[in-house]
Amino acid sequence: MNRILLTGFEAFGDHPSNPTLTALSAFEGQRIAGAQVLTQALPVDAARMPGVLEEVLRRLQPQAVLLSGLAAGRVQLSLERAALNVLDFRIPDNAGASFQDAELCPGGPDAYLSTLPLRAILGTWQAAGVPGYVSDTAGLYLCNQAMYLARHQLGPSVPCGFLHVPADESLALAQPPGKPPLPYLPQQEINRGIGLALDVLAGQLESAQGEKQAPGV
Ligand code: PCA
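Numbering (my numbering) for the sequence shown: 55 to 271.
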C-alpha cells in the first residue's frame, strides 16, 4: 500500500499552538484511495529538525510527502513553489538559535522546486470551495528548511512539497489585545484543505500504479 507522510510543526514564537500539529491527529492512519496517511510532528529547532525528518523519511519510505506549517498573517492556504538554500530567521527558533544569510545545506543547490501537483491541488480546492494559491516564498525559517531538506533527501521522483496554513480560531482568539487582529481559517477548514491535498496525492499515486500494472499493448 502507498504511504503518504504528512508532517506538521510544533508551536513556536508567540503562538501558543500550531494548527498543523492539531491537524495531524485527524489524519494519522487514515486510508485515502488505497494509500495510508502517516504523520510526524517536527520540532521548531533548526539543529534537531533535520535529524527527525531524515529518520522518518528513511523509516517510512513514503511514496509522497506533504509538509505543513503555520504562516500566521496569511489569509488562505498556500502551496509553496520553492525552497531556498538559505537560513535567515526573523525570530529565534525554539532552542534560541538564530541565523542570518546562512547556507542551509553547504554545497547544495540554490533551490528546490515543489514536486507536488500544485495545479491539481488548487483545482480540487477551487472545486470544493477552498480558496488557496501558489506562494513564491516559503520564508527562510523552519518550513523552508524542512522543504529543502526533504526534497534534497528524496530526489525528484517522490512528490514532495509544502503547504502553509493561516492561523486558526484558537490562535486568533489568543492574539493579545493591542496587537492587530489575526486573520484566521477555522481548524475544520484547514483540515479540509489538507485532506483534499492528500486526496489528490493518493489519486495520483493510484493512477501511476494503475499505469504500471496495465498490460502492455
Ligand atoms: N511555521 C514556521 C516554522 C514552523 C511553522 O509552523 C515557518 O513558516 O517557517
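From the three backbone atoms N, C-alpha and C, an ideal C-beta is built for every residue, glycine too.
Are residue i and residue j close, meaning C-beta to C-beta below 8 angstroms?
i: residue 128; j: residue 69; result: no
i: residue 61; j: residue 122; result: yes
i: residue 152; j: residue 143; result: yes
i: residue 87; j: residue 253; result: yes
i: residue 272; j: residue 202; result: This structure does not reach residue 272, given that the chain is present from 55 up to 271, and the question cannot be answered.
i: residue 83; j: residue 90; result: yes
i: residue 71; j: residue 196; result: no
i: residue 199; j: residue 141; result: yes
i: residue 186; j: residue 264; result: no
i: residue 114; j: residue 208; result: no
i: residue 236; j: residue 242; result: no
Considering only DSSP beta bridges, list what residue i is partnered with.
i: residue 187; result: 132
i: residue 123; result: 218
i: residue 62; result: 95
i: residue 56; result: 89
i: residue 141; result: 156
i: residue 166; result: 137
i: residue 118; result: 58
i: residue 195; result: None; residue 195 has no bridge partner.
i: residue 238; result: 221
Short of 8 angstroms in beta carbon distance, which residues of its chain neighbour residue i, apart from the five on each side in sequence? Order them along the chain.
i: residue 193; result: 125
i: residue 158; result: 138, 139, 140, 141, 198, 199, 202, 203
i: residue 58; result: 86, 89, 90, 91, 92, 116, 117, 118, 119, 120, 252, 255, 256, 259
Within the same chain, show all residues whose beta-carbon is closer than 6 angstroms to that of residue i, passing over the 5 residues directly before and after it, in chain order.
i: residue 182; result: 250
i: residue 145; result: 67
i: residue 189; result: 132, 134
i: residue 232; result: none
i: residue 174; result: 254
Among the residues of its own chain, which have a CB less than 7 angstroms from the CB of residue i, if the five just before and after it don't count?
i: residue 162; result: 139, 206
i: residue 97; result: 64, 103, 106, 148
i: residue 257; result: 87
i: residue 240; result: 222, 223
| Are at least three pairs of beta-carbons, each pair with one atom in the stretch 103–116 and one in the stretch 166–186, less than 8 angstroms apart? | no
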